[in-house]
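Q: The sequence shown begins at 2 in the numbering used here and counts up one residue at a time. Ideal Cβ placement from N, Cα and C applies to all residues, glycine included. A quick note: this is a predicted structure, and the numbers were derived from the prediction, not measured. I am attaching a structure below and will ask some questions about it afterwards.
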Amino acid sequence: MIKKEQIRAGMFYITILGFVIAFLSNAICGELIYVARVSGAINPVSARYIERVLAKAKQEDAECFVLELDTPGGLMNSMQEITKDFLNAEIPVVVYVSPSGARAASAGAFIAFSAHILAMAPGTRIGAAHPVTLGITSTTKEGVDSTMQKKVLNDAVAQIRSICSLRGRNEELAEEMVLESRSVSAEEAVQLDAIDIIAENLDTLIKTLDGWKVQLPRGAYMLSTRAIKVKHENMSPSEEILYTVLDPNIAYILMLVGIMGIFMEMSHPGAILPGVVGGISLLLALYAFQILPINYTGIILILFGILLLLLEIKVTSYGILTIGGISSMLIGSFMLTSGAAPSMRISYATILPGIILIALFFIFVVAKALLIQRKKVTTGDKGLIGELGVAISDIEGTGSVKVHGEYWHARSDEKILSGERVRVVDIDGIVLVVKREETR
Numbered sequence: 002m003i004k005k006e007q008i009r010a011g012m013f014y015i016t017i018l019g020f021v022i023a024f025l026s027n028a029i030c031g032e033l034i035y036v037a038r039v040s041g042a043i044n045p046v047s048a049r050y051i052e053r054v055l056a057k058a059k060q061e062d063a064e065c066f067v068l069e070l071d072t073p074g075g076l077m078n079s080m081q082e083i084t085k086d087f088l089n090a091e092i093p094v095v096v097y098v099s100p101s102g103a104r105a106a107s108a109g110a111f112i113a114f115s116a117h118i119l120a121m122a123p124g125t126r127i128g129a130a131h132p133v134t135l136g137i138t139s140t141t142k143e144g145v146d147s148t149m150q151k152k153v154l155n156d157a158v159a160q161i162r163s164i165c166s167l168r169g170r171n172e173e174l175a176e177e178m179v180l181e182s183r184s185v186s187a188e189e190a191v192q193l194d195a196i197d198i199i200a201e202n203l204d205t206l207i208k209t210l211d212g213w214k215v216q217l218p219r220g221a222y223m224l225s226t227r228a229i230k231v232k233h234e235n236m237s238p239s240e241e242i243l244y245t246v247l248d249p250n251i252a253y254i255l256m257l258v259g260i261m262g263i264f265m266e267m268s269h270p271g272a273i274l275p276g277v278v279g280g281i282s283l284l285l286a287l288y289a290f291q292i293l294p295i296n297y298t299g300i301i302l303i304l305f306g307i308l309l310l311l312l313e314i315k316v317t318s319y320g321i322l323t324i325g326g327i328s329s330m331l332i333g334s335f336m337l338t339s340g341a342a343p344s345m346r347i348s349y350a351t352i353l354p355g356i357i358l359i360a361l362f363f364i365f366v367v368a369k370a371l372l373i374q375r376k377k378v379t380t381g382d383k384g385l386i387g388e389l390g391v392a393i394s395d396i397e398g399t400g401s402v403k404v405h406g407e408y409w410h411a412r413s414d415e416k417i418l419s420g421e422r423v424r425v426v427d428i429d430g431i432v433l434v435v436k437r438e439e440t441r
């Protein structure tokens, strides 16, 4: 039997081992730098990504957090979330504008200035931070429009000056970036005391950071980056998908795919796949549009265009509804992001091919419908009466059937299960009246 003394000794050694492991873990965590990267617009997804990695770096007691940044700007609300996180960070935050040719423009300039240490690669630039007023349509009165723009501008100036004052950067230059959209190169920025370091690459930056002093909420702190481990934390797959969806051009394409998919499902009930793809695409587009800065008049015109296109299924207009719907969608598309910042706009290179594609799609569908109607004239409007088909869905009042390889809306006075054979007894417009075909 195991003696009590042996059990106690074993528990003692296990406890000591636990303390040793915890000590080594803390020592290792302190020799770690977390690196995140944002290349593109600033939006809620990138803001949550940065917040997540910064929190993870703090949790693991990392030496510092580095954000590699290349952005044309983005949404003001997301920018404010990031700057607030950086200004209140409990570990050193470094923003590195890279690679060469990158920029920290508009919202990116605010984010960069809010870091404890701001570095740039040669050939990069920072600035052009003039705010674009969002949500003000052309119907807004001129006086109100001017007053609102002035408020937004003054608020942006006050914010960037307060950030630069806290971080010891050139406040006058920052103000010019907002008021005059001034942009400067990395070399100019370091001479004007707007940034701290010019570094060729990340390795050079990390070496330069060694011994650098920053002011944290808990007091002064000196960085030690010798023989340190660098951990790159990329966006998760879900973050990558949502970030891609929030690209205005991608969101617009998803909307068009959704419209075509749902239209195809309604005109050919029972196909299933077009409806599923269309529904998912349209939901993703709606998710993006509720976050992106959009003009609601543009949305209304697009919805009106969709309504006209859907009516084409029910009403024989010989293409008039299709032309009106496409025209409404085209005008709405141009208006959709017309008041947004350049990085948040849908490009004409996306709108024009998209509208041409959807126009060709609906012209094809309408032309096919007209051919079917002409074919019916030669065989009589009641040409399908007496023909056999199969129920594609359960028919409880209404449902779908397949007759001669074509999908039709159908109705019946009796309950018919999916897969059962049916016979056409009458035609009401584009709806077949059917009954169950008794098997012999």
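(1) Flag this pair as yes or no: are the beta carbons of Tyr35 and Tyr244 separated by less than 9 Å?
(2) Give me the Cα-Cα distance between Arg424 and Glu439, rounded to the nearest whole angstrom.
(3) Looking at the structure shown, is Ser184 part of a helix, part of a strand, or coil, going by DSSP?
(4) Does the Cβ of Ser26 have 16 or more other Cβ atoms within 10 Å, making it buried, or fewer, making it exposed?
(5) Would you list the residues sitting across from Arg219 in a DSSP beta bridge?
(6) Helix, strand or coil, according to DSSP, for Tyr319 in the structure here?
(7) Ser237 by DSSP, collapsed to three states: which one?
(8) Within its chain, find whatever has a CB closer than 6 Å to the CB of Thr125; leave out the 5 residues flanking it on each side and keep chain order.
(9) Leaving aside the five residues before and after Asp71 along the sequence, list all residues of the same chain whose C-beta is less than 6 Å from its C-beta, in chain order.
(10) For Ala1, report the span of its alpha helix (DSSP H) as first-last.
(11) Have a look at the DSSP bridge pairing and note the partners of Cys65.
(12) Give the range of the beta strand (DSSP E) segment to which Glu201 is assigned.
(13) Starting from Leu433, trace the beta strand (DSSP E) both ways and give me its first and last residue.
(14) Rounded to the nearest angstrom, what separates Ile324 and Glu313 at their Cα positions?
(15) Let me make sure I understand the geometry here. Which of Phe290, Gln160 and Ala108 has the alpha-carbon closest to that of Met80?
(16) Is the CB-CB distance between Thr84 and Ser115 below 9 Å?
(17) For Arg346, is the classification buried or exposed, using 16 other Cβ atoms within 10 angstroms of its Cβ as the cut-off for buried?
(18) Do the stretch 179 to 197 and the stretch 156 to 164 meet, that is, are 3 or more Cβ pairs less than 8 Å apart?
(19) For Lys416, which of helix, strand or coil comes out of DSSP?
(20) Quick one: is Thr351 buried, meaning 16 or more other Cβ sit within 10 Å of its Cβ, or exposed?
(21) From the beta carbon of Ile207, is the nearest beta carbon of chain C less than 9 Å away?
(22) Are the Cβ atoms of Ala90 and Ala110 separated by less than 9 Å?
(23) Rounded to the nearest angstrom, what separates Phe365 and Pro249 at their Cα positions?
(24) Does the distance from the CB of Lys232 to the CB of Ala63 come in under 9 Å?
(25) Take Phe290 as the anchor and find which of Leu361, Leu76, Asp204 and Leu418 has the nearest alpha-carbon.
(26) Closer than 8 Å: is that where the CB of Glu176 sits relative to any heavy atom of the ligand SAH?
(27) Starting from the Cα of Gly469, find the closest Cα among Leu418, His410, Gly420 and Glu421 and give me that residue.
(28) So the candidates are Ser339, Ile207 and Tyr222; which of them puts its Cα closest to the Cα of Ile229?
(29) Reducing DSSP to helix, strand and coil, say where Ser448 ends up.
(30) When you compare the CB positions of Gly169 and Ser344, do they come within less than 9 Å of one another, or not?
(31) State the Cα-Cα distance for the pair Leu135 and Glu173, rounded to the nearest angstrom.
(32) Between which two residues does the beta strand (DSSP E) holding Arg424 run?
(33) If you draw a straight line from the alpha carbon of Ser225 to that of Val153, how long is it in whole angstroms?
(34) Quick check on DSSP: helix, strand or coil for Asp71?
(35) Pick helix, strand or coil for Leu385, following the three-state DSSP scheme.
(36) Under the rule that 16 or more other beta-carbon atoms within 10 Å means buried, what is Thr338, buried or exposed?
A: Concretely, from the data shown:
(1) no
(2) 9 Å
(3) strand
(4) Residue confidence for Ser26 is low, a pLDDT of 45 falling below 50, so the modelled location carries little weight; the figure read from the coordinates is stated next. Exposed is the label assigned to Ser26, since fewer than 16 other Cβ atoms lie within 10 Å of its Cβ.
(5) For Arg219, which the question treats as bridged, DSSP gives no partner whatsoever.
(6) coil
(7) coil
(8) Val98, Ala103 and Ala187
(9) Ser40 and Ala103
(10) Because the chain here runs from 2 to 441, residue 1 falls outside it and cannot be looked at.
(11) Assignment of beta-bridge partners to Cys65 by DSSP yields Ile34.
(12) Element bounds for Glu201: n/a, residue is neither H nor E.
(13) Val432 to Arg437
(14) Going by the C-alpha atoms only, they are around 10 Å apart.
(15) Closest by alpha carbon: Ala108.
(16) Yes. Within cutoff.
(17) buried
(18) When Cβ pairs closer than 8 Å are counted between the two stretches, the stretch 179 to 197 is seen to touch the stretch 156 to 164, the count reaching three or more.
(19) Reduced to three states, the DSSP call for Lys416 is coil.
(20) It counts as buried.
(21) Absent from the structure is chain C; it holds one protein chain and no more.
(22) no
(23) 28 Å
(24) yes
(25) Leu76
(26) Absence of the ligand SAH from the depicted structure is noted, as is the absence of any ligand whatsoever, leaving it without description.
(27) Examination of residue 469 is not possible in this model, given that the chain is present from 2 through 441 alone.
(28) Among Ser339, Ile207 and Tyr222, the Cα nearest to that of Ile229 is on Ile207.
(29) Residue numbering for the chain in the displayed model covers 2 to 441; residue 448 lies beyond these limits and cannot be assessed.
(30) no
(31) The predicted position of Leu135 is uncertain, since its pLDDT is 35 and thus under 50; no value can be drawn from it.
(32) Arg422 to Asp429
(33) 41 Å
(34) Strand, per DSSP.
(35) coil
(36) buried
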